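S.K.: Could you have a look at this structure, given as structure tokens, before my questions?
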Amino acid sequence: MNLRNVTIGLSAGILLGMMGFVAYIASFGGAVNMLLGVLFFLPFCGFPPIVSMVIAGYSKHHVSQILAVVASLLYGVWFTYAMYDCFYVHVDPQSALIIIFVGIYALPVLLPLWITAHIFEIRHRKKQAEP
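Residue numbering for the sequence shown follows the working numbering, beginning at 353 and increasing consecutively.
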């Protein structure tokens with residue numbers, strides 16, 4: 353199996369899981385609020401898996417793809433931990449605000465992984481372009 357397909361599938365699974373969780377939280381307000389809740393929070397908490405899917409989509413070097421997989425897994429673990437902590441451990445009326453910030457709080461870990469993956473991909477393409 354191609355590692356690129358694994359990365360895209362893993363990132364898509366994490367993205368769908370996040371959307372499902374947000375839909376579950378928003379479903380307490382009705383079906384319309386559920387859809388609006390998912391669409392509102394998707395740019396905030398959904399951009400890290402989307403960036404990992406884009407990196408995996410254009411990467412041909414295996415190290416770049418592995419870094420995209422690691423970034424997706426780390427974000428999935430971080431999202432799960434943050435949601436569990438805010439909605440089940442430290443329950444507060446403002447707990448839903450974590451959905452807005454969970455993607456931003458993950459950037460100090462994810463940005464170096466994405467940049468490193470991009471650097472490996474650039475080096476790989478330069479080596480292939482040399483005669």
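Ideal Cβ placement from N, Cα and C applies to all residues, glycine included.
Because the structure is a prediction, the values reported are computed rather than measured.
1) In chain order, what residues of the same chain have a beta carbon less than 7 Å from the beta carbon of Trp466, not counting five sequence neighbours either side?
2) Assess, as a yes-or-no matter, whether the stretch 414 to 421 is touched by the stretch 467 to 482 under the definition of 3 or more beta carbon pairs within less than 8 Å.
3) Which first and last residues belong to the alpha helix (DSSP H) in which Gln417 is found?
4) Are the CB atoms of Pro400 and Gly455 within a distance shorter than 8 Å?
5) Would you identify the three-state DSSP class for Asn357, choosing helix, strand or coil?
6) Report the rounded CA-to-CA distance for Leu462 versus Ile450, giving the unit in angstroms.
M.R.: In terms of the structure at hand:
1) On the sequence shown, residue 466 is found 114 positions in, with the first residue counted as 1. Excluding its 5 nearest sequence neighbours in each direction, Trp466 has C-beta neighbours in its own chain below 7 Å: Val403, Ile407, Ala423, listed in chain order.
2) Between the stretch 467 to 482 and the stretch 414 to 421, the count of C-beta pairs closer than 8 Å reaches three or more; the two stretches touch.
3) The residue given as residue 417 occupies position 65 in the sequence shown. In the DSSP assignment, Gln417 falls within the alpha helix (DSSP H) that extends over 414 to 436.
4) Taking the first residue of the sequence shown as 1, we reach residue 455 at position 103. Taking the first residue of the sequence shown as 1, we reach residue 400 at position 48. Cβ atoms of Gly455 and Pro400: closer than 8 Å.
5) The residue given as residue 357 occupies position 5 in the sequence shown. For Asn357, the three-state secondary structure derived from DSSP is helix.
6) Working through the sequence shown from its first residue, we reach residue 462 at position 110. Working through the sequence shown from its first residue, we reach residue 450 at position 98. Going from the Cα of Leu462 to the Cα of Ile450 covers about 18 Å.
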